[in-house]
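Visitor: Input: one structure, supplied below.
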């Protein structure tokens, strides 16, 4: 396949394009940057789980968009492999400080703007990145003539793909039922099976069960105390993960379409 061709999803990969092709695609194209992390995911999932899952969600969303005759042109950047994960350093992580991740995102956005991109979408796969990513988008849009969007892939489904009886309380959680089900669907060879049941944790960690609605509570040592997982992954299944992943891919594809429509240049514009 030549560098000018899109992959099977219809998306163009920035790393495979020449500089001239990258600049040409900036005229009307949307740059897409997936964000991941490298961090502990209990004893049964790999360190790169968040990067792998955001890539799987973006892959499937791109395949859905490729079926549209008027699909927006996407230029996909390589996934940022590292994120803000200091809360996982008790076991193992490769973590960027909040200041460093913010600076990295600023520099990536600045590079894209200088190259000519006026629309950029950030798609996140790690909870620790979410606030930093959204703040980076808000700040950068104040200083450059660009339109930016940001989302975490797990937030984009309606939540109707499973019945209430099928859905445990902790969604999406960390290294639990949700992520393990997705990994069994997307990368079953990387899941260490059988997955041992997680012993009950009493009291539950305050980051998942704050003492009052609306409070964000963090307490020293909580992640180590719960063994690096928020909920029991022993009931995770590939079939469930497939439904969860497809629902989020549909949600992401719909979000891309909406972003493209809302930011399309006026008809007849130069």
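Residue numbers (the working numbering): 9 to 278. All C-beta atoms in this analysis are idealised placements derived from N, C-alpha and C, irrespective of residue type, glycine included.
1. Looking at C-alpha atoms only, which residue of 229, 39, 241, 224 is the closest neighbour of residue 119?
2. By the DSSP assignment, the alpha helix (DSSP H) with residue 123 in it spans what residues?
3. Quick check: the Cα distance between residue 219 and residue 81, rounded to an integer number of angstroms?
4. Would the region 40–52 and the region 79–97 be scored as touching if the rule is three or more Cβ pairs under 8 Å?
5. Taking C-beta to C-beta, are residue 110 and residue 47 nearer than 9 Å?
6. Give me the Cα-Cα distance between residue 197 and residue 152, rounded to the nearest whole angstrom.
7. Could you check the C-alpha separation between residue 158 and residue 261 for me, to the nearest Å?
8. Given a cut-off of 9 Å, decide if residue 123 and residue 34 are closer than it, judged by their beta-carbon atoms.
9. What is the residue span of the beta strand (DSSP E) that residue 189 lies within?
10. Which value, in whole angstroms, describes the spacing of the CA atoms of residue 166 and residue 255?
11. Could you compute how far the alpha carbon of residue 11 sits from the alpha carbon of residue 148?
12. Can you tell me which of the three DSSP states residue 94 falls into?
13. Can you give the Cα-Cα distance for residue 170 and residue 190, rounded to whole angstroms?
14. Go ahead and pull the three-state DSSP assignment for residue 62.
15. Suppose the cutoff is 6 Å on Cβ atoms and the five residues either side in sequence are ignored; what does the same chain contact list for residue 251 look like?
Guide: So, from the data block:
1. 39
2. 106–123
3. 46 Å
4. yes
5. No, the pair does not count as a contact, with Cβ atoms beyond the cut-off.
6. Residue 197 and residue 152: Cα-Cα distance of roughly 44 Å.
7. Distance between residue 158 and residue 261, taken at the CA atoms: about 13 Å.
8. yes
9. Counting along the chain, no beta strand (DSSP E) covers residue 189; the unbroken alpha helix (DSSP H) around it starts and ends at 185–194.
10. 8 Å
11. At residue 11 the pLDDT is 49, less than 50, meaning the model places this residue with poor confidence; the figure from the coordinates comes in the next sentence. Going from the Cα of residue 11 to the Cα of residue 148 covers about 30 Å.
12. helix
13. 14 Å
14. helix
15. Contacts found: 169.
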